[in-house]
Amino acid sequence: MSNKKRLDRREFITRSGKMVGGLALLGGAISGYGKQAASMPAYAIRPPGALPEEDFLGACIRCGICVKDCPYDILHLAQWQEEVALGTPYFIARDIPCEMCEKIYCVRNCPTGALDRLMENIEKSRMGVAVLVDQETCLNMLGLRCDICYRVCPVLDKAITLERFHNPRTKSHTLFVPTVHSDSCTGCGKCEYACPLPIAAIKVLPESLAKGQAGEHYRLGWKEKEKRGGALVTPDIEHQYNLPEGFQYDLLGEGLIAPQKQGGQ
Amino acid sequence: MPRVPIGRAAVEKKGWFRANRWLLLRRTSQLLIIALFLIGPLAFVEWSDDAEEKIWLIKGSLASNVVLDTVPLSDPFIYLQTLLSGQAFEQTVLIGALIVTLFYLLVGGRVYCSWVCPMNIVTDSAGWLRRKLGLKKKCELSPNLRFWVLGLVMVMALVAGNLLWELVNPVTLLQRGLLYGMGAGWMVVAALFLYDLLWSRNGWCGHLCPMGAFYSLLGRLSLVRVRAVDREACNDCMDCFVVCPEPQVIRPALKGEDGVSPLIDESLCTNCGRCIDICGPEVFRFGGRFNK
Numbered sequence: 008m009s010n011k012k013r014l015d016r017r018e019f020i021t022r023s024g025k026m027v028g029g030l031a032l033l034g035g036a037i038s039g040y041g042k043q044a045a046s047m048p049a050y051a052i053r054p055p056g057a058l059p060e061e062d063f064l065g066a067c068i069r070c071g072i073c074v075k076d077c078p079y080d081i082l083h084l085a086q087w088q089e090e091v092a093l094g095t096p097y098f099i100a101r102d103i104p105c106e107m108c109e110k111i112y113c114v115r116n117c118p119t120g121a122l123d124r125l126m127e128n129i130e131k132s133r134m135g136v137a138v139l140v141d142q143e144t145c146l147n148m149l150g151l152r153c154d155i156c157y158r159v160c161p162v163l164d165k166a167i168t169l170e171r172f173h174n175p176r177t178k179s180h181t182l183f184v185p186t187v188h189s190d191s192c193t194g195c196g197k198c199e200y201a202c203p204l205p206i207a208a209i210k211v212l213p214e215s216l217a218k219g220q221a222g223e224h225y226r227l228g229w230k231e232k233e234k235r236g237g238a239l240v241t242p243d244i245e246h247q248y249n250l251p252e253g254f255q256y257d258l259l260g261e262g263l264i265a266p267q268k269q270g271g272q
Numbered sequence: 673m674p675r676v677p678i679g680r681a682a683v684e685k686k687g688w689f690r691a692n693r694w695l696l697l698r699r700t701s702q703l704l705i706i707a708l709f710l711i712g713p714l715a716f717v718e719w720s721d722d723a724e725e726k727i728w729l730i731k732g733s734l735a736s737n738v739v740l741d742t743v744p745l746s747d748p749f750i751y752l753q754t755l756l757s758g759q760a761f762e763q764t765v766l767i768g769a770l771i772v773t774l775f776y777l778l779v780g781g782r783v784y785c786s787w788v789c790p791m792n793i794v795t796d797s798a799g800w801l802r803r804k805l806g807l808k809k810k811c812e813l814s815p816n817l818r819f820w821v822l823g824l825v826m827v828m829a830l831v832a833g834n835l836l837w838e839l840v841n842p843v844t845l846l847q848r849g850l851l852y853g854m855g856a857g858w859m860v861v862a863a864l865f866l867y868d869l870l871w872s873r874n875g876w877c878g879h880l881c882p883m884g885a886f887y888s889l890l891g892r893l894s895l896v897r898v899r900a901v902d903r904e905a906c907n908d909c910m911d912c913f914v915v916c917p918e919p920q921v922i923r924p925a926l927k928g929e930d931g932v933s934p935l936i937d938e939s940l941c942t943n944c945g946r947c948i949d950i951c952g953p954e955v956f957r958f959g960g961r962f963n964k
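Chains as they are written, first to last, in the working numbering: chain A, 8 to 272; chain B, 673 to 964.
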């Protein structure tokens, strides 16, 4: 070996210093960039059965087998300068949503378990949650019967329902409000893809952005009552109205009820 | 500067083809591997009207793939990082990594660099152009720096719980890019080319790349090695030192005193066989570790 000549102490220290400094610079730069790359942009959706993002970035070996296995060419491996971690698979619902095929081809051959190979039912996947993000432009919210997101939903009438509300503008019509139920929504993105607006009013977001969380100590009275099969407290004594004879009073309904005249009219 | 252009002696003695035989074989191997991945599905099997299953000769990329939908092959360098990042053992990738590891233990770890990795074509081209333009080396990093980078890569995976190196690894970027689309990745490859051309001879593959470092560790005891069988015939033309991607590995075997084995027993040797090609007096030959 030619470089086996003895180093003096000064040279040894300078060389080691350079090495350590260079490596620290490299490591620092990469780990800083890594933090940034670990934050998935909200528009990017992982394939079904993906581990939580933090684990996914450690498990995914960036081989692209899922991309090749998808029969609909939906998945894409992140390239240089894209916002998603380099080489990891994702799709953008507005460009092309997940077809939710029953065989779930993309997870079958994942070598590392970054995608759950044992996943049986695509309806159990949680790629994200659809949210009606813009209630000002949604056609149904304006009183029209667009209903497209409701119709295209693969978990029909479960993940999205049309809830009826009074239309306060016309005063005589109904609003059919597209309402997402996160316990059934897979995050496939069909609704976002199909929304006819130039920019979708309904979008699939990561669960962390889409969902709130109720306080752990919250109890919903009506649910507790259902669970127990009856009121949890002593029922109130029915109010006694002081009314002329034969009259009744219905607080939540008809109001004052006159006594029925005997014998028809 | 050598008095005779590099390789002239070999071409005159052996003819152009034999003076480039191993190089041609290597390029064929590198391109063929990429081509095999690109050959689409071989057959479609209808499962249902939902979709059909595609049978592939080899599916995935060099990071991990599956041959004929049965045999998994995985890159042990990346797999080790996934383990360090705290992922549970997974049978498929474990088997795949073991098969690949076994292969390189036998044939020499850095066979990956010279016979498989497409980045080698890029850096070899830079090296070739560098010689043609007569560029002198300016910055010389230590060839051992890559082992420190390798250590850094593993520590980063361990500490961050995330394959940090894969966010910037230009080698897998190129391999993946050729199969799935490069996008802006060409800029990284071009930057490496320019670095090798203008800054440091074999700067990437010979000094920095932690994958090369990893595979060289795998190849410490490989059975296939280059031997300077006929070292008495050496006429000191220095052509082999000029073309060798790891010139420091040649000297002990070639210039060894009597009794020192003519085996190039350095794990950094990539078994590329360029020294065999370029040598007029035919000093070198591929051989087994235990050959006489």
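Just so you know, even glycine gets a beta-carbon here, dropped at the ideal spot from N, CA and C.
Do you know offhand how far residue i's Cα is from residue j's?
i      : j      : result
B/G952 : A/E90  : 52 Å
B/A681 : B/A691 : 9 Å
B/A723 : A/C108 : Reliability of the predicted coordinates at B/A723 is poor, the pLDDT of 49 falling under 50, and no value is obtained from them.
A/L227 : A/A221 : 11 Å
B/K927 : B/A905 : 11 Å
A/H83  : A/Q43  : 20 Å
A/C156 : A/R53  : 21 Å
B/S736 : B/E838 : 13 Å
B/Y852 : A/V136 : 28 Å
B/V738 : B/I711 : 14 Å
A/G72  : B/F709 : The question names Gly, but residue 72 of chain A is Ile in the sequence shown. Looking at the two C-alpha atoms, the distance is approximately 11 Å.
B/R693 : A/Y79  : 43 Å
B/V955 : B/R897 : 14 Å
B/L770 : B/C909 : 42 Å
B/R759 : A/A121 : Per the sequence shown, residue 759 of chain B should be read as Gln rather than Arg. Between B/Q759 and A/A121, the C-alpha separation is close to 9 Å.
B/G884 : A/L58  : 30 Å
A/L259 : A/V138 : 34 Å
A/P266 : A/Q255 : 8 Å
Would you say residue i and residue j are within 9 Å of each other, going by their C-beta atoms?
i      : j      : result
A/R115 : A/D76  : yes
B/A925 : B/P934 : yes
A/N174 : A/L163 : no
B/G867 : B/G855 : In the sequence as displayed, the identity of residue 867 of chain B is Tyr instead of Gly. Going by C-beta atoms, B/Y867 is not nearer than 9 Å to B/G855.
B/V965 : B/P842 : Beyond the ends of chain B as shown, which are 673 and 964, falls residue 965 of chain B; an answer cannot be given.
B/R961 : B/R873 : no
B/R698 : B/G945 : yes
A/E223 : A/V211 : no
B/L845 : B/A798 : no
A/T193 : A/M126 : no
B/G891 : B/S939 : yes
B/I950 : B/R957 : no
A/I68  : B/D747 : yes
A/P118 : B/G768 : yes
What is the residue span of the beta strand (DSSP E) that residue i lies within?
i      : result
A/Y256 : Q255 to D257
A/A137 : V136 to L139
A/G262 : G262 to I264
B/K731 : I730 to S733
Check for me: the alpha helix (DSSP H) holding residue i runs from which residue to which?
i      : result
A/S23  : R16 to A44
B/K686 : R680 to K686
B/L850 : P842 to Y852
A/G228 : G228 to R235
B/G857 : G857 to L866
Rounded to the nearest angstrom, how far is the Cβ of residue i from that of residue j, given a contact under 8 Å?
i      : j      : result
A/C196 : B/S757 : Rather than Cys, the amino acid found at residue 196 of chain A in this sequence is Gly. Contact flag wrong, Cβ pair sits at about 29 Å.
A/A166 : A/V187 : 6 Å
B/Y751 : B/V765 : 6 Å
B/G781 : B/L880 : Not really, about 17 Å apart at Cβ, beyond 8 Å.
A/G41  : B/R848 : So it is not a contact: roughly 18 Å between Cβ atoms.
B/L836 : B/A829 : 6 Å
A/C145 : A/P205 : Not confirmed; about 13 Å, so no contact.
B/L824 : A/G34  : 5 Å
Can you pull the chain A neighbours of residue i, defined as C-beta to C-beta under 7 Å?
i      : result
B/S757 : G65
B/A735 : I68, R69 and C70
Starting from residue i, find everything on chain E with Cβ-Cβ shorter than 8 Å and list it in chain order.
i     : result
A/E61 : You won't find chain E in this structure, because its protein chains are A and B.
Could you work out which residues of chain A lie near residue i, taking near to mean beta carbons separated by less than 8 Å?
i      : result
B/V843 : Near B/V843 there are no residues of chain A at all, since even the closest Cβ is about 11 Å away, more than 8 Å.
B/W820 : M26 and L30
Residue i versus chain B: which residues are under 9 Å apart at the beta carbon?
i     : result
A/Y40 : L836, L839 and V840
A/I99 : Within chain B, no residue comes near A/I99; the closest Cβ sits about 15 Å away, beyond 9 Å.
A/L93 : E838, L839, V840, N841, T844, L845, R848 and G857
Would you say residue i touches the ligand MG, meaning its beta carbon is less than 8 Å from a heavy atom?
i      : result
B/A863 : With respect to the ligand MG, the structure shown offers nothing to examine, as it has no ligands at all.
Taking residue i as the query, report the chain B residues whose CB atoms sit under 7 Å from its CB, ordered along the chain.
i      : result
A/N116 : V738
A/L84  : R848 and Y852
A/V74  : Y852
Which residues in chain B sit within 8 Å of residue i, going by Cβ to Cβ distance?
i     : result
A/S45 : According to the sequence provided, residue 45 of chain A is Ala. The question's Ser does not apply to it. Within 8 Å Cβ-Cβ: N834.
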